[in-house]
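Letter by letter, the sequence shown follows residues 5 to 661 of the numbering used here.
This report refers to the structure that appears directly beneath it.
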Amino acid sequence: MSDPEDTQLESRLAEQEAFEPPESFVEQANVSDPAIYEEFEENWPECWERAADLLDWETEYDEVLVDDNEPFYEWFTGGELNASANCLDRHLDDRGDELAIQWEGELGETREYTYEELHREVNEFAAALRELGVEEDDVVTMYMPMIPELPVAMLACARIGAPHSVVFAGFSADALATRMNSAESEYLVTCDGYYRRGDGLDHLSKANEGLGGVDHETTTVVVDRLGDEQEHDLDDDQVDYDDLVADHEGAAVDPVTRDAEDMLFLMYTSGTTGQPKGVKHTTGGYLSYVSWTSHAVLDVKPEDTYWCSADIGWITGHSYIVYGPLALGTTSVMYEGTPDYPDKDRMWDIVESYGVNQLYTAPTAIRAFMKWGSQYPEQHDLSSLRLLGTVGEPINPKAWKWYYKHIGDESCPVVDTWWQTETGGMMITTLPAIGTMKPGTAGPPLPGIDAQVVDTEGNEISPGEAGYVTVNKPWPGMLRTLYKNDERFLNEYWQEYSDEDEDEWVYFPEDGAKIDEDGYITILGRVDDVINVSGHRLGTMEVESAIVGVEGVAEAAVVGGDHDLKGEAVYAYVILEDGYEESEEMSDRIVEGVEDAIGPIARPEKVIFTPELPKTRSGKIMRRLLEDIANGDELGNTSTLRNPEIVEDIERKVSGD
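What follows is the structure in structure tokens.
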């Protein structure tokens with residue numbers, strides 16, 4: 005981390021409006037007593053028994069937290085349980101005939117799984133995995149899109165005590181090989197292909213290419229998603245999913261008893277060294293935490309139909325499509341395709357068709373919805389919605405208010421959630437029946453979460469100053485280590501602010517933030533998402549919020565470009581809403597908007613209009629590439645982009661060619 009001067013941001017962003025949750029929501033909410041914050045603080049760490057109580061334990065735990073080997077914390081020690089049993093078996097008596105998964109393919113086909121049906125297929129596939137040789141603690145890799153067989157495979161692995169490692173289907177063959185080699189995984193579950201914008205895409209060829217880079221023997225299970233549209237001959241070490249399940253029709257597999265600290269899954273995430281980090285999540289702490297946050301933040305109830313539009317290939321999908329919702333016995337919606345196929349109202353058609361009660365989606369999607377226009381949601385009855393949520397990146401006030409008004413009809417609380425792969429679940433957000441909502445601000449730390457905003461020396465900062473998020477106490481959903489790399493775990497997350505001599509351990513998530521007088525935290529982005537203009541540190545999120553506050557702007561990304569006098573200058577890449585045209589006048593309005601909102605120090609050096617921004621397949625803006633373009637540097641790797649063709653177009657605009 006760089007060591008910048010502690011500089012108070014000269015921000016004059018308009019005072020954020022505050023919104024209160026509607027009384028009708030408060031009256032029915034799972035958590036509505038403000039005293040919960042004080043209760044968790046006074047009874048920490050025993051307060052987390054409230055999360056553990058949401059699960060069924062085969063053996064009760066002895067201690068909530070063991071911290072005699074910090075920061076390698078252990079939660080609910082002595083306790084034993086099984087994640088698959090908690091997500092399936094315990095619901096059979098009361099909810100066996102109720103829907104567990106409601107799936108819709110991009111072409112419009114649907115598949116429904118009741119809890120009894122999901123339980124049956126999970127058992128059959130668990131028996132099949134055992135026949136293939138999968139044993140307890142073997143890591144099984146999954147390389148699949150959003151099809152029902154993915155959660156089936158995850159729960160089947162959990163049932164037999166085999167940790168899973170899901171690799172996002174949009175990742176490359178090399179990424180698959182790297183992760184399988186790191187995890188020493190001998191088993192892969194994948195599919196022949198999937199649909200995007202109406203076309204059947206070949207996936208198995210990419211999986212086979214990745215398997216060619218794996219340095220040990222493997223066995224692969226292949227799901228037939230495309231049918232006759234794409235025929236593939238399976239290799240000798242590959243077997244068909246449907247045949248396997250049919251061979252074990254009606255099989256019953258007793259859930260394997262797992263210690264609370266046994267690994268449930270690995271989730272690989274990007275690292276600063278270029279090598280992905282294998283984040284290890286355990287059974288008791290993780291499952292209790294995602295169940296608790298689903299219950300308290302998303303207000304999930306068994307009778308709900310709940311939709312998180314993320315991909316299961318990311319931690320959001322693990323926590324809030326599969327494990328959290330199913331542990332609580334609700335109906336979880338899955339959708340295979342893109343939000344604008346065959347038209348830009350696909351999301352709202354799904355909400356209306358299934359009567360979705362909670363929608364949890366990403367700000368990047370909301371900005372796209374804004375660009376397309378409110379006429380699309382207005383075509384549908386969205387009155388079933390009770391709560392809205394955002395995840396994945398900070399949401400600017402303009403997008404928040406659009407979401408609140410046009411999707412929630414100003415009657416649904418919006419929870420803007422901050423968390424990470426490493427945290428397992430939500431950490432900073434409002435409790436929807438308790439907290440005042442402030443657009444653009446995530447909110448206070450959740451009950452039991454000791455998060456602060458500090459300067460480079462670890463001192464708490466004054467309201468309005470820019471600093472860094474830290475977490476001073478452990479929590480049940482936290483990663484336990486990086487897979488087979490304790491040293492990197494210590495260096496990545498605990499080195500910056502901890503005092504090992506004093507045995508004081510502070511988790512550093514590498515996100516910049518500021519805090520207001522009410523303790524609400526605004527996330528400014530990753531530590532490296534900061535532009536240093538003449539010694540003034542500007543968060544990219546703050547400048548981008550000012551730009552999208554200008555009428556006609558749909559989305560913006562800002563980066564720092566080299567400047568002889570200022571050190572860095574602001575380069576703004578801007579997408580306009582439909583009906584607005586690129587012009588010098590529009591550029592001037594954007595510059596004025598930034599100056600009015602923040603001050604002359606944040607004035608963009610250059611405004612570049614573009615129809616798209618370079619984004620990864622998960623929807624994250626690749627600011628590194630935009631920095632390279634601004635500085636005229638050689639471009640880095642573009643293989644992870646979902647729209648690499650836009651890079652050359654942006655280069656031409658910046659260079660003036």
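Note that beta-carbon positions come from the ideal geometry of N, C-alpha and C, so glycine has one too.
Just so you know, these numbers come straight off a predicted model, no measurement behind them.
* Tell me the start and end of each unbroken alpha helix (DSSP H) in the stretch 152 to 179 that is at least 4 residues and wholly inside, in chain order. => 153 to 164
* Nonlocal neighbours in the same chain, by C-beta distance under 6 Å from residue 308, ignoring five residues either side -> Indexing the sequence shown from 1 puts residue 308 at position 304. 334, 361, listed in sequence order.
* To do: Closer than 7 Å by C-beta to residue 345: which residues in its own chain qualify, once you throw out the five before and the five after it? Chain order, please.
  => Residue 345 sits at position 341 when you count from the first residue of the sequence shown. Same-chain partners within the cutoff: 110, 201, 202.
* **Residue closest to residue 210, alpha-carbon to alpha-carbon, out of 197, 177, 618, 220** => Taking the first residue of the sequence shown as 1, we reach residue 210 at position 206. Checked all of 197, 177, 618, 220; the closest Cα to residue 210 is 177.
* Asked: To the nearest whole angstrom, what separates the beta carbons of residue 576 and residue 565, a pair I think is in contact under 8 Å?
  -> Sequence index remark: in the sequence shown, residue 576 carries index 572 (1-based). Sequence index remark: in the sequence shown, residue 565 carries index 561 (1-based). Contact doesn't hold; Cβ gap of about 10 Å is too wide.
* Asked: Going by the CB atoms, is the gap between residue 551 and residue 544 shorter than 8 Å?
  -> On the sequence shown, residue 544 is found 540 positions in, with the first residue counted as 1. On the sequence shown, residue 551 is found 547 positions in, with the first residue counted as 1. No, Cβ-Cβ distance for residue 544 and residue 551 is not below 8 Å.
* Asked: Taking Cβ to Cβ, would you say residue 282 is nearer than 8 Å to residue 487?
  -> In the sequence shown, the residue the question calls residue 282 occupies position 278. In the sequence shown, the residue the question calls residue 487 occupies position 483. Yes, the pair counts as a contact, with Cβ atoms nearer than the cut-off.
* Leaving out the 5 sequence neighbours to the left and right, which residues in its chain are closer than 6 Å to residue 635 when beta-carbon positions are compared? -> Taking the first residue of the sequence shown as position 1, residue 635 is located at position 631. Same-chain partners within the cutoff: 565, 566.
* To do: Give me the Cα-Cα distance between residue 402 and residue 615, rounded to the nearest whole angstrom.
  => If you number the sequence shown from 1, residue 402 lands on position 398. If you number the sequence shown from 1, residue 615 lands on position 611. Going from the Cα of residue 402 to the Cα of residue 615 covers about 19 Å.
* What is the rounded straight-line gap between the Cα of residue 56 and the Cα of residue 69? -> Taking the sequence shown and counting its residues from 1, the one referred to as residue 56 is at position 52. Taking the sequence shown and counting its residues from 1, the one referred to as residue 69 is at position 65. Spanning the two alpha carbons is a distance of roughly 12 Å.
* Rounded straight-line distance, which links the Cα of residue 599 to that of residue 516 -> On the sequence shown, position 512 is the one that residue 516 refers to. On the sequence shown, position 595 is the one that residue 599 refers to. Rounded to the nearest angstrom, the two C-alpha atoms are 22 Å apart.
* If you drop the 5 nearest sequence neighbours on each side, which residues of the same chain put their C-beta closer than 8 Å to that of residue 650? -> Locating residue 650 in the sequence shown gives position 646, where the first residue counts as 1. So the list reads 614, 615, 616, 617, 618, once near-sequence residues are dropped.
* Where residue 39 falls, given that 16 or more other Cβ within 10 Å makes a residue buried -> The count along the sequence shown starts at 1 and reaches residue 39 at position 35. The residue in question, residue 39, is exposed, as its Cβ has fewer than 16 Cβ neighbours within 10 Å.
* Asked: For the alpha helix (DSSP H) that contains residue 647, what are its first and last residues?
  -> Here residue 647 refers to the residue found at position 643 of the sequence shown. No alpha helix (DSSP H) holds residue 647; DSSP gives it neither H nor E.
* Asked: Expressed to the nearest angstrom, what Euclidean distance is found between the alpha-carbon atoms of residue 42 and residue 315?
  -> Mapped onto the sequence shown, residue 42 falls at position 38. Mapped onto the sequence shown, residue 315 falls at position 311. Their Cα atoms are separated by approximately 35 Å.
* Per DSSP, which one or two residues make a beta bridge with residue 441? -> Along the sequence shown, one-based indexing puts residue 441 at 437. Looking at the DSSP assignment, residue 441 forms a beta bridge with 23.
* **CB-CB length for residue 170 against residue 126, believed under 8 Å** => To locate residue 170, count along the sequence shown from 1; it is residue 166. To locate residue 126, count along the sequence shown from 1; it is residue 122. With a Cβ gap of about 16 Å, residue 170 and residue 126 do not count as contacting.
* Asked: Under 8 Å, do residue 578 and residue 560 count as touching if we go by C-beta distance?
  -> Here the question's residue 578 lines up with position 574 in the sequence shown. Here the question's residue 560 lines up with position 556 in the sequence shown. Yes. Within cutoff.
* Asked: How about residue 118 and residue 107: do their beta carbons lie closer than 8 Å?
  -> Sequence index remark: in the sequence shown, residue 118 carries index 114 (1-based). Sequence index remark: in the sequence shown, residue 107 carries index 103 (1-based). Their beta carbons are not under 8 Å apart, which means residue 118 does not touch residue 107 by this criterion.
* So, are the CB atoms of residue 163 and residue 86 less than 8 Å apart? -> Sequence index remark: in the sequence shown, residue 163 carries index 159 (1-based). Sequence index remark: in the sequence shown, residue 86 carries index 82 (1-based). Yes, the Cβ-Cβ distance between residue 163 and residue 86 is below 8 Å.
* Runs of alpha helix (DSSP H) lying entirely within the stretch 419 to 507, each at least 4 residues, in chain order -> 490 to 497
* residue 277 burial status per 10 Å Cβ neighbour count (16 or more: buried) -> Translated into positions along the sequence shown, residue 277 becomes position 273. Reliability of the predicted coordinates at residue 277 is poor, the pLDDT of 44 falling under 50, and the value obtained from them is presented with this limitation in mind. Under this definition residue 277 is an exposed residue.
* I think residue 295 touches residue 332, with their Cβ atoms under 8 Å apart; what is that distance to the nearest whole Å? -> The residue given as residue 295 occupies position 291 in the sequence shown. The residue given as residue 332 occupies position 328 in the sequence shown. That belief holds up - the Cβ atoms of residue 295 and residue 332 are roughly 6 Å apart, short of 8 Å.
* Alpha carbon of residue 595 to alpha carbon of residue 570, nearest angstrom -> Numbered from its first residue, the sequence shown carries residue 595 at position 591. Numbered from its first residue, the sequence shown carries residue 570 at position 566. One C-alpha to the other measures close to 17 Å.
* What are the boundary residues of the alpha helix (DSSP H) that includes residue 91? -> Residue numbering aside, residue 91 sits at position 87 when the sequence shown is read from its first letter. Unbroken alpha helix (DSSP H) run through residue 91: 87 to 91.
* **Local conformation of residue 602 per DSSP, three classes** => In the sequence shown, counting from the first residue as 1, residue 602 sits at position 598. Reduced to three states, the DSSP call for residue 602 is coil.
* **Three-way DSSP call (helix, strand, coil) for residue 181 in this model** => For the purposes of this step, residue 181 is taken as the residue at position 177 of the sequence shown. It is helical.
* Enumerate in chain order the residues of its own chain whose CB-to-CB distance from residue 183 is below 7 Å, with the five nearest sequence positions on each side excluded. => As a first step, residue 183 must be located in the sequence shown, where it is residue number 179. Within the same chain, residue 183 has close Cβ partners 145, 169, 171, 272, 280.
* By DSSP, does residue 201 sit in helix, in strand, or in coil? -> Numbered from 1 along the sequence shown, position 197 holds the residue referred to as residue 201. Looking at residue 201 - three-state DSSP - the assignment turns out to be coil, as it is neither helix nor strand.
* Limits of the unbroken alpha helix (DSSP H) element including residue 247 -> Within the sequence shown, residue 247 is the residue found at index 243, counting from 1. From DSSP, the alpha helix (DSSP H) with residue 247 extends over 245 to 251.
* To do: Kindly indicate which residue of 103, 93, 653, 121 has the alpha-carbon position closest to the one of residue 358.
  => For this step, residue 358 is matched to residue 354 along the sequence shown. When each option's Cα is compared against that of residue 358, the closest is 103.
* Asked: Under a three-way DSSP split, which group does residue 664 fall into?
  -> A query on residue 664 cannot be resolved here, the shown segment of the chain reaching from 5 to 661 and no further.
* Simplified DSSP state of residue 210, which is helix, strand or coil -> Numbered from its first residue, the sequence shown carries residue 210 at position 206. DSSP places residue 210 in helix when its eight states are reduced to three.
* **Rounded separation between residue 303 and residue 139 - CA only** => As a first step, residue 303 must be located in the sequence shown, where it is residue number 299. As a first step, residue 139 must be located in the sequence shown, where it is residue number 135. Answer to the nearest angstrom: the Cα atoms are 37 Å apart.
* Could you tell me which residues DSSP puts in a beta bridge with residue 577? => Start at 1 with the first residue of the sequence shown, and residue 577 comes out as number 573. Note: residue 577 sits in a beta bridge opposite 561, 612.
* Opening and closing residue of the alpha helix (DSSP H) in which residue 536 lies -> If you number the sequence shown from 1, residue 536 lands on position 532. No alpha helix (DSSP H) contains residue 536, which is instead part of the beta strand (DSSP E) from 534 to 537.
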